[in-house]
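Trainee: Pasting a structure here, questions to come.
2 protein chains.
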Amino acid sequence: MLAGMAWNTEETKRKLKEAAVAEFAAHGLGGTTMERIARRAGVNKERLYTYFGDKPQLFATVLADELNKVAAAVPLDHLDGPEAVARYAGSVYEYHAEHPELTRLLLWEGLLDLPEVPDEASRTDYYRTKVAAFARAQQSNAISDRLPAADLAFLVLALAGWWYAVPQMARMMHADSSSTPASAKAALMQAALHLATPSK
Amino acid sequence: MLAGMAWNTEETKRKLKEAAVAEFAAHGLGGTTMERIARRAGVNKERLYTYFGDKPQLFATVLADELNKVAAAVPLDHLDGPEAVARYAGSVYEYHAEHPELTRLLLWEGLLDLPEVPDEASRTDYYRTKVAAFARAQQSNAISDRLPAADLAFLVLALAGWWYAVPQMARMMHADSSSTPASAKAALMQAALHLATPSK
DNA sequence: TGCATCTCCAACGCAACCGTTGGAGATCTG
DNA sequence: CAGATCTCCAACGGTTGCGTTGGAGATGCA
Chain A
1 MLAGMAWNTE
11 ETKRKLKEAA
21 VAEFAAHGLG
31 GTTMERIARR
41 AGVNKERLYT
51 YFGDKPQLFA
61 TVLADELNKV
71 AAAVPLDHLD
81 GPEAVARYAG
91 SVYEYHAEHP
101 ELTRLLLWEG
111 LLDLPEVPDE
121 ASRTDYYRTK
131 VAAFARAQQS
141 NAISDRLPAA
151 DLAFLVLALA
161 GWWYAVPQMA
171 RMMHADSSST
181 PASAKAALMQ
191 AALHLATPSK
Chain B
201 MLAGMAWNTE
211 ETKRKLKEAA
221 VAEFAAHGLG
231 GTTMERIARR
241 AGVNKERLYT
251 YFGDKPQLFA
261 TVLADELNKV
271 AAAVPLDHLD
281 GPEAVARYAG
291 SVYEYHAEHP
301 ELTRLLLWEG
311 LLDLPEVPDE
321 ASRTDYYRTK
331 VAAFARAQQS
341 NAISDRLPAA
351 DLAFLVLALA
361 GWWYAVPQMA
371 RMMHADSSST
381 PASAKAALMQ
391 AALHLATPSK
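Going line by line, the protein sequences match chains A and B. With this note's numbering applied, the first sequence covers 1 to 200. With this note's numbering applied, the second sequence covers 201 to 400.
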């Protein structure tokens, strides 16, 4: 049934999704055309519709896929102190630097302000585990508890993500200083460290 | 020449720009149609082209206008201590809450990743004054100097802006806690305070 | 009042894109 | 090899949106 097919349907799907990630990340939902996704994948446009439905559905599929990837790539198990929070912030920044598509997809999605997002349940669950890790660390006095765990976790992600959300602002604010991706990462880790350090 | 005209050209321009802000903020450059802007303003589409040029030019005009507004609305003159930084962060958050269009326009712009941004010179200048205010406060030991002034200023803006950049993430991360706009503001002000407080 | 000028708009040409369809070719089954 | 089934695609209809144009109405000027 599905073994030994010469026309390679799984491979075709994979190529289409890969192309869709690139196009959607670059141009958003409105700016992307199905035509270009298909052409980039070297596949006929019609395959998109039979495999993935219409354009919004494809966008949702692609975004869910990328989120699953980041969940696997940047685990957050145990926070044994402020330094662990700083390292986590650095990892997130690093992941964004290497996979700018995900950030951009998230931002496109945020701007669409849908009442419900695709895969809402599993994503809520994903974030809940992050918040829970922060909460546990607070309860054991390993990190500061002056902020609610959800706020602290959210703000740490803000520090790491803002560079990619408004790159034009980052560029203009650092116009006359000598700033590099490395110094940006160091700065945000320093900031995360202080947010997580308990008061004496 | 320009007094006493029965057909009210300045008013028409104003209405078109107002409609354009709303449409571009809601749907971005790609998702907005000139037709809908004109219809929302109650004016014929052709006026857009004679007054503002094509769609990208209109977008640039509208964004520059909104940035001038925020520059006037949230001044940052003198930072005499960490509390002033926290208040500034709170004001920025507040402004975003009341004028979500600006944030959204900035984010749409960021996603377009143009090599150069409209009004680049004056905007760079605008950010430079913000950074300079932070730098002065650092030199007089009023606030922490463990981060470069540009990074500190940028990260403070990150704290205030991230809620509006990824509202879906904010919602999901705070799913099971009781979180309000007021508590979000309090959290980010607390965070800004700690980033700006000098080490002993 | 005749002429020039300016504001405004309905209607249009044109291009792009969405989503579909009819059918060609490849693979399995008997 | 004949028939059924599946993958793939070139071509198409219909819609939408961009940017323009030709002209109608309102105003200033001689």
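Cβ atoms here follow ideal geometry from the backbone N, Cα and C, with glycine treated the same way. The model shown is predicted, which means the values in this text are computed figures rather than measured ones.
Secondary structure at Leu395 of chain B, three-state DSSP: helix, strand or coil?
Mentor: For this step, residue 395 of chain B is matched to residue 195 along the second sequence. Three-state result, Leu395 of chain B: helix.
Trainee: Use the C-beta contact count for Asp325 of chain B: other C-beta atoms within 10 angstroms, 16 or more gives buried, fewer gives exposed.
Mentor: One-based indexing of the second sequence puts residue 325 of chain B at position 125. Classification for Asp325 of chain B: exposed.
Trainee: With distances taken Cα to Cα, identify the nearest neighbour of Met34 of chain A among A:Ala25, A:Asp54 and A:Ala26.
Mentor: Walking along the first sequence from the start, residue 34 of chain A turns up at place 34. Ranking the options by Cα distance to Met34 of chain A, first place goes to A:Asp54.
Trainee: Give me the chain A residues within the contact set of Ser379 of chain B, using Cβ-Cβ distance strictly less than 7 Å, ordered along the chain.
Mentor: Indexing the second sequence from 1 puts residue 379 of chain B at position 179. The answer, in chain order, is Ala150.
Trainee: Smallest Cα separation from Phe224 of chain B: which of B:Tyr249, B:Pro315, B:Pro275 and B:Leu305?
Mentor: For the purposes of this step, residue 224 of chain B is taken as residue 24 along the second sequence, with counting starting at 1. Taking only the C-alpha atoms, the option nearest Phe224 of chain B is B:Leu305.
Trainee: Do Arg123 of chain A and Val117 of chain A have their C-beta atoms closer together than 8 Å?
Mentor: Reading the first sequence from its first residue, position 123 is the one you call residue 123 of chain A. Reading the first sequence from its first residue, position 117 is the one you call residue 117 of chain A. Taking 8 Å as the Cβ cut-off, Arg123 of chain A and Val117 of chain A qualify as a contacting pair.
Trainee: Should Lys213 of chain B and Tyr249 of chain B be called a contact, given that it needs their Cβ atoms to be closer than 8 Å?
Mentor: Within the second sequence, the letter at position 13 stands for residue 213 of chain B. Within the second sequence, the letter at position 49 stands for residue 249 of chain B. Against a cut-off of 8 Å, the Cβ pair of Tyr249 of chain B and Lys213 of chain B comes out as no contact.
Trainee: Where Thr61 of chain A and Ala370 of chain B are concerned, what is the direct C-alpha to C-alpha distance, given to the nearest angstrom?
Mentor: On the first sequence, residue 61 of chain A is found 61 positions in, with the first residue counted as 1. On the second sequence, residue 370 of chain B is found 170 positions in, with the first residue counted as 1. The straight-line gap from Cα to Cα measures roughly 21 Å.
Trainee: Taking Lys385 of chain B as the reference, give the member of A:Ala192, A:Asn141, A:Leu152 and A:Glu18 with the closest Cα.
Mentor: The count along the second sequence starts at 1 and reaches residue 385 of chain B at position 185. Ranking A:Ala192, A:Asn141, A:Leu152 and A:Glu18 by Cα distance to Lys385 of chain B puts A:Leu152 first.
Trainee: In chain B, what lies closer than 8 Å to Tyr127 of chain A by C-beta?
Mentor: Here residue 127 of chain A refers to the residue found at position 127 when the first sequence is read from its first residue. Result: Met369, Met372, Met373 and Ala375.
Trainee: Which residues in chain A sit within 7 Å of Asp313 of chain B, going by Cβ to Cβ distance?
Mentor: By one-based count along the second sequence, residue 313 of chain B stands at place 113. Within 7 Å Cβ-Cβ: Pro167.
Trainee: Nearest chain A C-beta to Thr212 of chain B closer than 8 Å, yes or no?
Mentor: Position 12 of the second sequence, counting from 1, holds the residue named residue 212 of chain B. It does not: the Cβ of Thr212 of chain B has no partner Cβ on chain A nearer than 8 Å.
Trainee: Ala160 of chain A and Val92 of chain A: beta carbons closer than 8 Å?
Mentor: Locating residue 160 of chain A in the first sequence gives position 160, counting from the first residue. Locating residue 92 of chain A in the first sequence gives position 92, counting from the first residue. Closer than 8 Å, so yes.
Trainee: Any idea what DSSP makes of Arg236 of chain B, helix, strand or coil?
Mentor: Stepping through the second sequence from its first residue, residue 236 of chain B is reached at position 36. If DSSP states are grouped into helix, strand and coil, Arg236 of chain B belongs with the helices.
Trainee: Can you have a look at Gln390 of chain B and say buried or exposed, based on whether 16 or more other CB atoms are within 10 angstroms of its CB?
Mentor: As a first step, residue 390 of chain B must be located in the second sequence, where it is residue number 190. Gln390 of chain B is buried by the Cβ-count criterion.
Trainee: What is the DSSP secondary structure of Val43 of chain A, reduced to helix, strand or coil?
Mentor: Numbered from its first residue, the first sequence carries residue 43 of chain A at position 43. Coil.
Trainee: Just to confirm, are Thr197 of chain A and Pro82 of chain A a CB contact at a threshold of 8 Å?
Mentor: On the first sequence, residue 197 of chain A is found 197 positions in, with the first residue counted as 1. On the first sequence, residue 82 of chain A is found 82 positions in, with the first residue counted as 1. Against a cut-off of 8 Å, the Cβ pair of Pro82 of chain A and Thr197 of chain A comes out as a contact.
Trainee: Provide the residue span of the alpha helix (DSSP H) that contains Asn141 of chain A, from first to last.
Mentor: If you number the first sequence from 1, residue 141 of chain A lands on position 141. Asn141 of chain A -> no alpha helix (DSSP H), and no H or E assigned at all.
Trainee: Roughly how far, in whole angstroms, is the beta-carbon of His174 of chain A from the beta-carbon of Ala350 of chain B, given that I think they are within contact range, below 8 Å?
Mentor: What you label residue 174 of chain A is simply residue 174 of the first sequence in a count that begins at 1. What you label residue 350 of chain B is simply residue 150 of the second sequence in a count that begins at 1. At roughly 5 Å, the Cβ-Cβ gap stays under 8 Å, so His174 of chain A and Ala350 of chain B are in contact.
Trainee: Step through the CB atoms of chain A and report whether any lies within less than 8 Å of the CB of His394 of chain B.
Mentor: Along the second sequence, read from residue 1 onward, the residue named residue 394 of chain B stands at position 194. Yes, His394 of chain B counts as interfacial toward chain A.
Trainee: Run through DSSP, which three-state label would Val156 of chain A get?
Mentor: One-based indexing of the first sequence puts residue 156 of chain A at position 156. Of the three classes helix, strand and coil, the one that applies to Val156 of chain A here is helix, per DSSP.
Trainee: Can you tell which of B:Met372, B:Ala342 and B:Phe334 has its C-alpha closest to the C-alpha of Leu355 of chain B?
Mentor: Locating residue 355 of chain B in the second sequence gives position 155, counting from the first residue. Ranking B:Met372, B:Ala342 and B:Phe334 by Cα distance to Leu355 of chain B puts B:Phe334 first.
Trainee: Using 8 Å for Cβ pairs, my map puts Met372 of chain B next to Tyr127 of chain A. What's the rounded Cβ distance?
Mentor: One-based indexing of the second sequence puts residue 372 of chain B at position 172. One-based indexing of the first sequence puts residue 127 of chain A at position 127. Met372 of chain B to Tyr127 of chain A, Cβ: 5 Å. Contact.
Trainee: Among residues of its own chain, excluding the 5 on either side of Asn141 of chain A, which ones have a beta-carbon nearer than 8 Å to its beta-carbon?
Mentor: For the purposes of this step, residue 141 of chain A is identified with residue 141 of the first sequence, where counting begins at 1. Excluding sequence neighbours, Asn141 of chain A sits near Pro198.
Trainee: With 16 other CB atoms within 10 Å as the buried threshold, where does Thr303 of chain B fall?
Mentor: Here the question's residue 303 of chain B lines up with position 103 in the second sequence. Classification of Thr303 of chain B: buried, given that the 10 Å Cβ count is 16 or more.
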